[in-house]
Structure formats: C-alpha cells, structure tokens
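2 protein chains.
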Amino acid sequence: MARQARVSVATVSFVLNAAQRHRIRAKTQERVLAAVKQLGYSPNAAARNLAMGHSHILGVIVSDIRNPFFPEITAVFQETANLNDMEAIVMNSNYDAQRMKQSVNRLLALQVPGVAILTSQIESSVMDNLAERGICAVYLDLGRVDACISNIAVDYESGIIAALEHVRALGHERIGFIGGAPHLRSAQRRKRAFLAGAEKFKSLQTQAVDSNFSVQGGYVACSKLLSGLRPSAIIAANDLMAIGAMHAAYDRKVRIPGELSIVGFDDIRFAEHMLPPLTTVAVPRSDIGRIAFETLRTMISDPAKAGAEHHVHTHLVVRDSTAAMGGE
Amino acid sequence: MARQARVSVATVSFVLNAAQRHRIRAKTQERVLAAVKQLGYSPNAAARNLAMGHSHILGVIVSDIRNPFFPEITAVFQETANLNDMEAIVMNSNYDAQRMKQSVNRLLALQVPGVAILTSQIESSVMDNLAERGICAVYLDLGRVDACISNIAVDYESGIIAALEHVRALGHERIGFIGGAPHLRSAQRRKRAFLAGAEKFKSLQTQAVDSNFSVQGGYVACSKLLSGLRPSAIIAANDLMAIGAMHAAYDRKVRIPGELSIVGFDDIRFAEHMLPPLTTVAVPRSDIGRIAFETLRTMISDPAKAGAEHHVHTHLVVRDSTAAMGGE
DNA sequence: TTTGTCAGTTTAACCGTTTAAATTATTGGA
DNA sequence: TCCAATAATTTAAACGGTTAAACTGACAAA
Numbered sequence: 000m001a002r003q004a005r006v007s008v009a010t011v012s013f014v015l016n017a018a019q020r021h022r023i024r025a026k027t028q029e030r031v032l033a034a035v036k037q038l039g040y041s042p043n044a045a046a047r048n049l050a051m052g053h054s055h056i057l058g059v060i061v062s063d064i065r066n067p068f069f070p071e072i073t074a075v076f077q078e079t080a081n082l083n084d085m086e087a088i089v090m091n092s093n094y095d096a097q098r099m100k101q102s103v104n105r106l107l108a109l110q111v112p113g114v115a116i117l118t119s120q121i122e123s124s125v126m127d128n129l130a131e132r133g134i135c136a137v138y139l140d141l142g143r144v145d146a147c148i149s150n151i152a153v154d155y156e157s158g159i160i161a162a163l164e165h166v167r168a169l170g171h172e173r174i175g176f177i178g179g180a181p182h183l184r185s186a187q188r189r190k191r192a193f194l195a196g197a198e199k200f201k202s203l204q205t206q207a208v209d210s211n212f213s214v215q216g217g218y219v220a221c222s223k224l225l226s227g228l229r230p231s232a233i234i235a236a237n238d239l240m241a242i243g244a245m246h247a248a249y250d251r252k253v254r255i256p257g258e259l260s261i262v263g264f265d266d267i268r269f270a271e272h273m274l275p276p277l278t279t280v281a282v283p284r285s286d287i288g289r290i291a292f293e294t295l296r297t298m299i300s301d302p303a304k305a306g307a308e309h310h311v312h313t314h315l316v317v318r319d320s321t322a323a324m325g326g327e
Numbered sequence: 000m001a002r003q004a005r006v007s008v009a010t011v012s013f014v015l016n017a018a019q020r021h022r023i024r025a026k027t028q029e030r031v032l033a034a035v036k037q038l039g040y041s042p043n044a045a046a047r048n049l050a051m052g053h054s055h056i057l058g059v060i061v062s063d064i065r066n067p068f069f070p071e072i073t074a075v076f077q078e079t080a081n082l083n084d085m086e087a088i089v090m091n092s093n094y095d096a097q098r099m100k101q102s103v104n105r106l107l108a109l110q111v112p113g114v115a116i117l118t119s120q121i122e123s124s125v126m127d128n129l130a131e132r133g134i135c136a137v138y139l140d141l142g143r144v145d146a147c148i149s150n151i152a153v154d155y156e157s158g159i160i161a162a163l164e165h166v167r168a169l170g171h172e173r174i175g176f177i178g179g180a181p182h183l184r185s186a187q188r189r190k191r192a193f194l195a196g197a198e199k200f201k202s203l204q205t206q207a208v209d210s211n212f213s214v215q216g217g218y219v220a221c222s223k224l225l226s227g228l229r230p231s232a233i234i235a236a237n238d239l240m241a242i243g244a245m246h247a248a249y250d251r252k253v254r255i256p257g258e259l260s261i262v263g264f265d266d267i268r269f270a271e272h273m274l275p276p277l278t279t280v281a282v283p284r285s286d287i288g289r290i291a292f293e294t295l296r297t298m299i300s301d302p303a304k305a306g307a308e309h310h311v312h313t314h315l316v317v318r319d320s321t322a323a324m325g326g327e
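Encoded structure:
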C-alpha cells in the first residue's frame, strides 16, 4: 500500500476521510496526498465497504429503462450521487414482480445503504424485506412513509386538470381520455382526476377508455374513440399513448390539431419532436431524480429520523397538437 | 453467520460456489442450503470482492444515457450480465473527457474486472490506464485489439450504401447528406461511405453538410440544404438529425415524403413513431449489448487469450418517410 | 523536575469471504 | 484388525480498509 508516505495506514485513512482530516497535521497531509497522487492510488471500495458495513452504492430500480421516461431520472440521480461520492446502480424490473425481488436481492448482497424504487407497483413483501434489514428506501407514489421510508408524490391531478382546462378554453366540449393500465395506482389517479374535473363543467361530454401506457395501446384506444361519436380533443395519460393516438388519427386522415387536439402526459423528450409537437403535461423528472437521491442521503446519514413525503408538481406545456375548435 | 448449519465458513463457501461444490457431501450441502434459505442469507459481495481481488460488477460507460440509442444497449448488457451472476454499473461520460476519466477511476475503485466503453471518442491515456492495471475492456469502434482489449466494429458503410441505393432506386438524383460531428470517427466513416457510394453513380448530385448528431443540428443542416438547390432526398447520419430535418421540412411546408424523402440512421425506437414513420438504417443495438458482455466475460475468464474484433451489421428499414420521386 | 494535557500518530482488532494447507473421517484391501 | 488411500471438513491466513484505543512527544503548570 501507498505507505510510501512514511505514515501508517490509519493516517492515510484519516487524511482521505474529510470527517477525520482535522486530526492530522497539515505537513503530514501533504505527504500523504503527494503519495496518493504519485501512485495514482484510489482506496479499494470493497475493503472500505467491508469495514464500514455498507457500500457507497445506491440502488435504483425502474420498471423499464427503455421507456424514455426513466433515463432522465436515473441520469440525474446518478450525477447527484457522484457529486456526493456515491455510486448508483440502476436495475430494471421489467414490470415483473419476480425480477423485482431478484434485483432487490442483488442490491442486498451489494450492501447498499439505500434504494430508490421508481416503479408504479411493488409487492409489500419487498418493502418489508427492505425495512427489516434497515435499508433506507424511497418510493415513487407508493404513499407509505415510515422510519427509513420516504415517498415522492407526483401531483398528477393538477396536471390533468390543467390539460382539461386548456382544451375546454379552446372550445372543445367533446373530450376523450385514454387511461393507463387500470391496475396501476398512478393510472387510476389520472383517470379519476379527469373524471372529477369533467364533472365540474356540465357542458362537457367525456368518454374514457382504458389502455396500457404503450404506443400500440394508444393507437387502439384512439381508434375506438374516433369510431364512435368523435371527440374533438383527446387527453392521454402518457405521451406514448398520445403518440399512438396521433398515429391512429394520421392513419384515418384526421388532421391534428385541425380536427382533433391531443394532449399527452409526462413530457418525454420526444413529445416536442413529434409532428406536430405534442402539447403535454410535464412531470419534472430531474426533480424526481434529485429528490430521490437527497432524501436517501438524508435518511442514511441520520437513520433515526423518520422518512419524508416530497411533492413534485406537474405543469402544462402547450405546443402545436392542440388548437381551438374549427381552427388550424 | 449462517453457521447454524453446524459447518465451518469454508464449507458454506464451497457449497455456494459451483466450482467447489463436488468437494462436499450431498447431505452436508442440504444442511447448508437449508440454513441459507432459512436465514435468507446472501453472501456479502464486498467480502467476496476483497478476498478475490475483483468484484462481480462490470462497468459500462456511455456518452449519454439520455440519448435513446444507449438504453437498449445497456439494458441488454445488464440482463446478460445478470444471467451470468454479475452486475453492471452504467456511467455517463456526457461527451466530456474529464468525466470519462472520473468514471474510469470510480470503476477502478470498485475493482471491476472489466469495462465496456461505448463512446465515440476516448483518450488513449484512459485506454492505457485500463490496460496497465489489467482491466479487460471492450470498445465500440475504436479499432484497437490487444491483450484484454476487444473491439466491436459497426458496419456503418453497408448501411449508408443501402440507404443510398434505396433512394436512388426510388428515382432520386439530387441527394443531401447530413453528417455527424466531424471530429468523431464514426461520423467520418458514415460521411466517407456516403461520398464513396455517391461516386459510383455519375448521375447523382450530392451535397453533404456537417452537423452534430442533435435534433437541433439536423434542423439547421436541413434548412441549409433546403435553401440551396433543393435535394429531393436527404440521408442523415443519425435519427435525431433526421427528426430535426423532418421538422425543418415541416416548418417550410415541404411535404414528406411527397417532396422530400428522408432517411435516418440508428433506428432508435422513435423512428417508427414519427409521422410519417422514418425510414432508417437499423444498428443492432441489442447485439452490441450482448456481444460487449460476452467478449468481456471471455476475456476475464481467460486473460491470457487476446481480445477479439466483433462485427455487427446494419440494415435498412424502409418505412414511410421515403417515396418515389414525384410520388405520394 | 515532575506531571498533566493534548495534538498527532500508530497499533491492532475487525469486517465476511476465499482458498491453500492441515486435519479428521471414511472406505476398501491386506 | 489395521493401514493406506482418499474423501470430507476445518483451520487459518490473506484481502485492504476503518476506527477505538494505545502510544508518543511537546509543552505548560505545579
């Protein structure tokens, strides 16, 4: 080991750990730092991990990294973690409970001090497993807050309401809604918000169909809506379905936004790249990534304190896929 | 520790490592396995890592995880790694040499046995650093193959030629090309392939402009092409620029594919979701992910053997953004 | 001069595996 | 029955850090 600095291993350790640095003399610190630089030394993470009982790696589990919703979140999480001298390892549950369990087990073996679980569903046995072992966790929209358990609550409702108000203000009265997979809480909340919002305006005629958050599903759902008493505006519970809806309209030669206005949800990067650019509700994904990390860090550094509930807000981004009735 | 099985730690270790399992009696194995199950035991990765001198985590560095080109690769890499009892940690260089170095250092501290570097550029000092420490590496399109260094070569040329032949067969003679950032090898190769291919056909009039692989860049480049002697077909060196080009055409009311055919490159997921769906050259990203892992695994398990060069092929996917001259 | 105090540094135990080597148990042959 | 050979298991030394506790001077006060 780099004890070319003519000091003991302990001294090196003290120098390299900010918290202990004060204990040793400036001169000695210089010597150590010089040796570190000269040897290109970096401490063995495994040894440190073993000694400290936990690693500096945080786990992040998402349902589908291929879904453009997630990379932004994980990228910010990781960048923030790196700034704090930690690593992030991102795993994919692929919407599969079995894989979720496996991923958690992998993370446990890695001795992670905390985990961010950013999926729309999770078995409570997994949460319990984590809780029992004292691993801090932050969930997305799962509600529960406890010792070492935080939650990030996305305000879907105000986004949906904003979308509804927007198309209503443009003069649309017949409004369709394409919902996400109905067994997912987050899908239910968006749908309920839509229905509740629509109730307020007697003049509105609404029709809601459930789908599955995919482009394909949005296509089918939109086809269904268009073949009935045709709405002049459609709000989709995510951008992928909105894109599917745009395709369905395109294939039937229904002009957007001339004959049909479409609003998405999420504001994935490609929303603005659609033709026409998609009006959508932005979910602040980088905030989610940042908050997920920060709340984990807080809980890890002070495990006594209870977890917290964090709220993130959504807002409407108006682009060109919506227009006034009869307009274009 | 789980020595509730009334055996020594060594025995547990032997049972849990397939290679040594034969050494111990079936009865004893059962006892150990039962204890493992009962305690929900999983071996401490850090301790194992420390004892063995290297971890079971592989590093993957990409230039930009937000670019939809990469998540597919990393997801497959990770899935394959998991099937082989290894983890993958994905880092983002953000096209920044400094961050690349940092990422490599982080991975070194983690004692990774191998690294996949999937960026279009890398300083040779980084390659040397890795090589010196005996860390296996696989690069994307960086050419060098050596002890513990493999390379995945993407056959950009045949894809570009296929795209060119395709538009030529449709009757286009005035063909524009939007190139990627000219300092990147992979951009140069695509451009050169285009120019070389165009030479073969005397009748073709081509114009190539350089850009930067971004949607914005594609927009600007296409605007430039459209404002001169207007081409009837444009081939872009990646899909993002092709999408930018589609926007430029849309904003100028140039109809696609009626007045302008556009071909992209990569076949990112959103290519088929564009309106109209984008004709593009598919780069087999899941193959890249799989091969990157497999070649790393091979090199790691037998470090004596030299690295290998792997080729992956591209192929044209014809959709609706290209059509015969004067058609639609 | 002795003693106490304190800053600076070192010692040594520990973290939980792997693995070579040592030990103990079992088996089969004389 | 005893012994050798072999099978099964245990022992103990790494691995490279962290950290409580011990140590070492230097200096100030008695």
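Order-wise, the sequence lines are chains A and B.
Be aware that the first sequence starts at 0, since it is given in numbering that gives the first Met the number 0, and climbs by one per residue.
Be aware that the second sequence starts at 0, since it is given in numbering that gives the first Met the number 0, and climbs by one per residue.
C-beta: ideal position from N, C-alpha, C; glycine also.
Looking only at its chain, what residues have a beta carbon closer than 6 Å to the beta carbon of residue i, apart from the 5 residues adjacent to it on each side?
i: A/L259; result: A248 and V253
i: A/A87; result: L57, V59, F76, Q77 and A80
i: A/S320; result: I255, P256, I261, P275, L277 and T278
i: B/N91; result: I64
i: A/H312; result: D154
i: B/V280; result: G158, A162, F264, T313 and L315
i: A/V11; result: V31
i: A/S62; result: S92, Y94 and T118
Rounded C-beta distance between residue i and residue j? I'm assuming under 8 Å.
i: A/D140; j: A/S123; result: Going by Cβ atoms, the distance from A/D140 to A/S123 rounds to 15 Å, so no, they are not a contact pair.
i: A/F336; j: A/R22; result: No answer is possible for residue 336 of chain A: the residues shown for chain A start at 0 and end at 327.
i: B/D145; j: B/A303; result: The Cβ separation is near 13 Å, so there is no contact.
i: B/L49; j: A/A46; result: 5 Å
i: B/G216; j: B/M245; result: Contact doesn't hold; Cβ gap of about 13 Å is too wide.
i: B/A232; j: B/G263; result: Not confirmed; about 12 Å, so no contact.
i: A/I116; j: A/Y138; result: 5 Å
Out of the options, point me to the one whose CA is closest to residue i's CA.
i: A/R189; options: A/N83, A/G113 and A/S157; result: A/S157
i: B/M126; options: B/G263, B/I148 and B/H312; result: B/I148
i: B/M51; options: A/H55, A/M51 and A/N43; result: A/N43
i: B/E308; options: B/A291, B/S102, B/A162 and B/L49; result: B/A291
i: B/T27; options: B/L38, B/A9 and B/L228; result: B/A9
i: B/F212; options: B/I242, B/L194 and B/M99; result: B/I242
i: A/G39; options: B/V103, B/L82, B/S7 and B/E29; result: B/V103
Locate the alpha helix (DSSP H) running through residue i, then write down its first and last residues.
i: B/H165; result: Y155 to A168
i: B/R296; result: R284 to S300
i: B/M90; result: Careful: B/M90 lies outside any alpha helix (DSSP H), inside the beta strand (DSSP E) at E86 to N91.
i: B/I72; result: F68 to L82
i: A/G175; result: No alpha helix (DSSP H) holds A/G175; the beta strand (DSSP E) holding it covers R173 to G178.
i: B/G243; result: D238 to D250
i: B/L106; result: A96 to A108
The beta strand (DSSP E) with residue i in it runs from where to where?
i: B/S260; result: S260 to D265
i: A/I116; result: G113 to L117
i: A/T278; result: T278 to A281
i: B/A207; result: Q204 to D209
i: B/E131; result: Here B/E131 belongs to no beta strand (DSSP E); instead the alpha helix (DSSP H) covers S123 to E131.
i: B/Y138; result: C135 to L139
Expressed to the nearest angstrom, what Euclidean distance is found between the alpha-carbon atoms of residue i and residue j?
i: B/F176; j: B/R284; result: 23 Å
i: A/A152; j: A/I60; result: 17 Å
i: A/P275; j: B/Y218; result: 15 Å
i: B/G196; j: B/R167; result: 11 Å
i: B/E327; j: A/P70; result: Low confidence applies here, because B/E327 scores a pLDDT of 44, under 50, leaving its location unreliable; read the following figure in that light. Going from the Cα of B/E327 to the Cα of A/P70 covers about 37 Å.
i: A/R105; j: B/N237; result: 36 Å
i: B/H314; j: B/E131; result: 38 Å
i: A/Q97; j: B/M273; result: 34 Å
i: B/A18; j: B/S300; result: 13 Å
i: B/R296; j: A/E271; result: 40 Å
i: A/T205; j: A/H171; result: 11 Å
Using a Cβ-Cβ cut-off of 7 Å (strictly less than) and excluding sequence neighbours within five positions of residue i, which residues of its own chain qualify?
i: A/D209; result: G178 and P181
i: B/R268; result: P67
i: A/R184; result: S119 and D140
Residues in the same chain with beta-carbon distance under 8 Å from residue i, minus the five sequence neighbours each way, listed in chain order, please.
i: A/R251; result: S222 and L225
i: B/H165; result: V262, T278, L315, V317 and T321
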